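Visitor: Here you go, one structure.
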Amino acid sequence: MSQVLIEVEHLRKSFGGFRAVDGLSFSVSKGEVLGFLGPNGAGKSTTMKMLTGFLTPSAGRARICGAEISDDLLEVRENIGYLPEGAPAYGDMTPGQFLRFIAQVRGYEKQAANKAIADAVAKTQLQSVLDQPIDTLSKGFKRRVGIAQAILHNPPVLIMDEPTDGLDPNQKFAVRRLITAMAKEKAIIISTHILEEVEAVCTRALIIDQGRIVADGTPAELIARSRYHNAVTLEVATGDADLIRQGLKEIEGAGDISEVAMNAASKRITVFPKDPETLLIDDVAIVSTEKHWPIKSLYAEAGRLDEVFRSLTTSDAGEQGAVS
Ligand SMILES: Nc1ncnc2c1ncn2[C@@H]1O[C@H](COP(=O)(O)OP(=O)(O)OP(=O)(O)O)[C@@H](O)[C@H]1O
Ligand SMILES: [Mg+2]
657 MSQVLIEVEH LRKSFGGFRA VDGLSFSVSK GEVLGFLGPN GAGKSTTMKM
707 LTGFLTPSAG RARICGAEIS DDLLEVRENI GYLPEGAPAY GDMTPGQFLR
757 FIAQVRGYEK QAANKAIADA VAKTQLQSVL DQPIDTLSKG FKRRVGIAQA
807 ILHNPPVLIM DEPTDGLDPN QKFAVRRLIT AMAKEKAIII STHILEEVEA
857 VCTRALIIDQ GRIVADGTPA ELIARSRYHN AVTLEVATGD ADLIRQGLKE
907 IEGAGDISEV AMNAASKRIT VFPKDPETLL IDDVAIVSTE KHWPIKSLYA
957 EAGRLDEVFR SLTTSDAGEQ GAVS
């Protein structure tokens with residue numbers, strides 16, 4: 657049976673009369689990586705600050721490894737690694753000094769501290785900057801110092817606020833791989849604005865808007881809510897577009913058709929299924945072969961997470977095509 661390590665019930669945070677987090681409930685089990693997605697100001701960081709004891713909830717409750725955040729904050733903090741937004745404090749310290757300080761605060765003896773620090777440094781590839789003051793490090797290295805600090809005590813619960821923000825593509829890849837490698841043994845929450853990251857590392861995602869959960873599912877489930885799910889896109893020469901569009905209309909099961917110019921020479925035509933569960937690709941392939949359409953490429957769409965995100969988090973959803 658899955659082991660629930662994070663339980664959140666009706667969590668709420670108000671600042672004055674403004675509800676930044678408005679009754680969130682969810683749980684995360686060992687082995688899960690939960691993604692928080694949402695526009696700026698949705699309440700992602702505020703939720704993370706409450707789970708890690710840096711903000712007191714206005715209402716609701718949360719348990720980390722069975723301990724209530726309102727009663728057992730010390731125990732909660734022992735079980736949590738937290739990467740806050742932005743850069744770690746203590747900019748005068750070097751990463752080496754900072755991590756030793758954290759190890760001491762966490763009560764490590766010297767030898768155990770050496771081992772924990774060496775491990776965290778290796779996982780975040782910090783060797784080359786260990787003796788340089790944190791203030792003088794580049795943004796990405798500062799971020800990696802924060803990650804090293806969060807994983808130092810090998811906690812069962814990890815909460816990371818935009819862990820790959822500011823990292824170069826190689827480091828993004830490395831941090832995603834690190835998260836995936838740690839996931840088996842932990843319950844992890846990350847927030848991100850990078851939608852590909854959700855597919856790359858998250859087993860489940862919550863889309864949060866104005867302090868509320870507006871979608872909850874696996875990346876595949878969320879993507880399947882897209883209008884593009886099971887649609888077929890063809891790349892064709894501009895001169896052939898009219899003929900091909902007419903032909904596509906005749907396919908049974910075909911609904912709307914959209915057309916986007918890629919450049920002067922080519923267009924991308926997308927045919928949407930009338931019923932989202934209809935697979936159109938075989939029919940489109942058969943018709944295009946029969947009619948000898950000169951097609952540059954043809955593919956079935958899984959769906960587009962950016963479109964789902966937009967349609968759930970903007971008031972002009974109608975224009976973008978609402979999800980079913
Ligand atoms: N201490 C505070 N006092 C007043 N308002 C606050 C405070 N902290 C956060 N807020 C407000 O709460 C809302 C949620 O902020 P939060 O930082 O949680 O958003 P977020 O989802 O993390 O956004 P981003 O994607 O920009 O990081 C925002 O409107 C923010 O201005
Ligand atoms: Mg934030």
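So for the sequence shown, the working numbering puts the first residue at 657; every next one is plus one. Glycine included, every Cβ here is placed at the ideal spot set by N, Cα and C. Here the structure is a predicted model, which is why all the values come from computation and not from measurement.
Taking the alpha carbon of T780 as the reference point, which residue from E734, F692 and M838 has its own alpha carbon closest?
Guide: Comparing Cα positions, the closest option is M838.
Visitor: Identify every residue that forms a DSSP beta bridge with T889.
Guide: DSSP, once it has assigned bridges, lists T926 and Y955 as partnering T889.
Visitor: Excluding five sequence neighbours on each side, which residues of the same chain lie with their C-beta closer than 8 Å to the C-beta of P789?
Guide: Counting only Cβ-Cβ distances below 8 Å, and skipping sequence neighbours, we find G747, D748, M749 and T750.
Visitor: In this structure, how does DSSP classify A729 when only helix, strand and coil are distinguished?
Guide: Note that residue 729 is Leu in the sequence shown here, rather than Ala. Helix at L729.
Visitor: What three-state label does DSSP hand K796 in the structure shown?
Guide: Note that residue 796 is Gly in the sequence shown here, rather than Lys. Three-state result, G796: helix.
Visitor: Pull up the CB-CB distance for V831 and P812, whole angstroms please, since I reckon it's below 8 Å.
Guide: That belief does not hold up - the Cβ atoms of V831 and P812 are roughly 19 Å apart, past 8 Å.
Visitor: Please report how far the alpha carbon of D898 lies from the alpha carbon of K923, in whole angstroms.
Guide: If I take the Cα positions, the gap works out to 10 Å.
Visitor: Are G709 and E665 closer than 8 Å when you measure CB to CB?
Guide: Not closer than 8 Å, so no.
Visitor: Using the beta-carbon count (16 or more within 10 Å), is D824 buried or exposed?
Guide: With fewer than 16 Cβ atoms within 10 Å of its Cβ, D824 is classed as exposed.
Visitor: By Cβ distance, which residues of its chain are closer than 6 Å to E915, with the 5 residues on each side in sequence left out?
Guide: Excluding positions up to five away in sequence, the list reads K923 and I925.
Visitor: Cα-Cα, which of G679, Q783 and R756 is closest to N770?
Guide: For N770, the nearest C-alpha among the options comes from R756.
Visitor: Let me check understanding here. Comparing Cα to Cα, which of L661, P740 and A876 lies closest to R799?
Guide: Selected option, being the one with the closest Cα: P740.
Visitor: Measuring alpha carbon to alpha carbon, tell me which residue in K700, G673, G672 and S683 is nearest I863.
Guide: Minimum Cα distance to I863 is reached at K700.
Visitor: Assuming A676 and T712 make a contact with CB atoms under 8 Å, what is their CB distance in whole Å?
Guide: Their Cβ separation, rounded to whole angstroms, is 13 Å, which puts A676 and T712 out of contact at 8 Å.
Visitor: Do L936 and V888 have their C-beta atoms within less than 8 Å of each other?
Guide: Taking 8 Å as the Cβ cut-off, L936 and V888 qualify as a contacting pair.
Visitor: Using only Cβ atoms and a threshold of 7 Å, which residues come within that distance of a heavy atom of ligand 2? Order them by chain position.
Guide: Taking each Cβ in turn, the ones that pass are K700, S701, E741, D817, E818 and S847.
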